[in-house]
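Following: one structure in structure tokens, then a few remarks.
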Amino acid sequence: GVWHIASNMLALWIFGDNVEDRMGSFRYLIFYLVCGVAASLAHIYLSPQSTIPSVGASGAISGVLAAYLVLYPTASVYTLFPVFFFWVEVVRIPALIYLGVWFLSQLVNGLFALGAATFQSTGGVAWWAHVGGFVAGLLLVRFFQRPQPRRYADEYWPF
Numbered sequence: 012g013v014w015h016i017a018s019n020m021l022a023l024w025i026f027g028d029n030v031e032d033r034m035g036s037f038r039y040l041i042f043y044l045v046c047g048v049a050a051s052l053a054h055i056y057l058s059p060q061s062t063i064p065s066v067g068a069s070g071a072i073s074g075v076l077a078a079y080l081v082l083y084p085t086a087s088v089y090t091l092f093p094v095f096f097f098w099v100e101v102v103r104i105p106a107l108i109y110l111g112v113w114f115l116s117q118l119v120n121g122l123f124a125l126g127a128a129t130f131q132s133t134g135g136v137a138w139w140a141h142v143g144g145f146v147a148g149l150l151l152v153r154f155f156q157r158p159q160p161r162r163y164a165d166e167y168w169p170f
């Protein structure tokens with residue numbers, strides 16, 4: 012639905028430009044597409060009975076989130092945190108925690124969705140596409156990262 016598309020675009024806006032900076036535009040495009048294909052394959056393999064179409068950017072964006080986690084392991088992000096029923100605070104938390112909790116939520120929802128064949132029973136979300144894209148991003152990010160120039164002589168010494 013609209014919320015899913017909006018959250019995808021927000022995540023891409025927050026995390027995507029940093030990942031693109033570290034990869035370069037062309038490598039980033041290829042990385043994004045490869046993560047999208049991996050996400051679709053994960054969805055098809057882990058939910059073969061699913062009637063949920065494997066279209067959209069969620070899996071590819073999940074790969075971008077994983078790349079951000081690898082490339083910026085000490086970064087922090089601002090997020091909304093519910094304090095009471097109708098009260099939220101903006102808090103700054105480590106990206107590792109934010110993205111780790113996000114990934115675990117996708118994995119848990121995917122496990123609950125195993126065996127669910129209908130669109131309604133899974134909330135209309137291809138959870139395994141999210142998981143597959145994230146895992147692909149973790150595994151592939153180093154192959155797409157642009158080589159960083161070495162600034163110090165000791166960076167050339169392998170020991």
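Residue numbers (the numbering used here): 12 to 170. In this text, a Cβ means the ideal position worked out from N, Cα and C, and glycines have one as well.
Specify whether the stretch 40–58 and the stretch 66–85 touch according to this definition: at least 3 beta carbon pairs, one from each stretch, less than 8 angstroms apart. The stretch 40–58, when compared against the stretch 66–85, does touch it at the 8 angstroms Cβ threshold.
Rounded C-alpha distance that separates Phe-130 from Leu-91: Caution applies to Phe-130, whose pLDDT of 47 falls short of 50 and renders its modelled position unreliable; the value that the coordinates give is listed next. Looking at the two C-alpha atoms, the distance is approximately 29 angstroms.
Given this structure, state the Cα-to-Cα distance separating Val-152 from Ser-58, to the nearest angstrom. Their Cα atoms are separated by approximately 25 angstroms.
Contact defined as beta carbons within less than 8 angstroms: I believe Leu-125 pairs with Ala-106. What is the distance between those atoms, to the nearest angstrom? Beta-carbon to beta-carbon, Leu-125 and Ala-106 are separated by about 29 angstroms, too far to satisfy the 8 angstroms threshold.
Same chain, Cβ closer than 7 angstroms to Phe-26, neighbours up to 5 away in sequence not counted: Excluding positions up to five away in sequence, the list reads Val-75, Leu-76, Tyr-79.
Three-state secondary structure assigned by DSSP to Phe-95: Strand at Phe-95.
Does the Cβ of Gly-143 have 16 or more other Cβ atoms within 10 Å, making it buried, or fewer, making it exposed? Burial call: buried.
Mind checking Phe-96: buried by the 16 CB within 10 Å criterion, or exposed? By the 10 Å Cβ count, Phe-96 comes out exposed.
If you reduce the DSSP assignment to three classes, tell me which class Tyr-83 lands in. DSSP places Tyr-83 in coil when its eight states are reduced to three.
Just reading off the alpha helix (DSSP H) that Trp-24 is part of, what are its end residues? That residue, Trp-24, is in no alpha helix (DSSP H); it is neither H nor E in DSSP.
Test item: CB-CB of His-54 and Trp-139 under 8 angstroms: Contact flag set, yes.
Work out the CA separation of Val-94 and Arg-38 for me, nearest whole Å. The alpha-carbon of Arg-38 is positioned some 41 angstroms away from that of Val-94.
Here's a check: name, in chain order, each residue in its chain whose Cβ is nearer than 7 angstroms to the Cβ of Tyr-109, leaving out the five neighbours to either side. When the five nearest sequence neighbours on each side are left out, the beta carbons in the same chain lying within less than 7 angstroms of the beta carbon of Tyr-109 are those of Val-88, Thr-90, in order along the chain.
Within this structure, are the beta carbons of Met-34 and Gln-156 separated by less than 8 angstroms? Against a cut-off of 8 angstroms, the Cβ pair of Gln-156 and Met-34 comes out as a contact.
Pop quiz: Leu-115 and Val-30 are said to be a contact at Cβ under 8 angstroms. What is the actual Cβ separation, rounded to whole angstroms? Incorrect: roughly 21 angstroms between the Cβ atoms, too far for contact.
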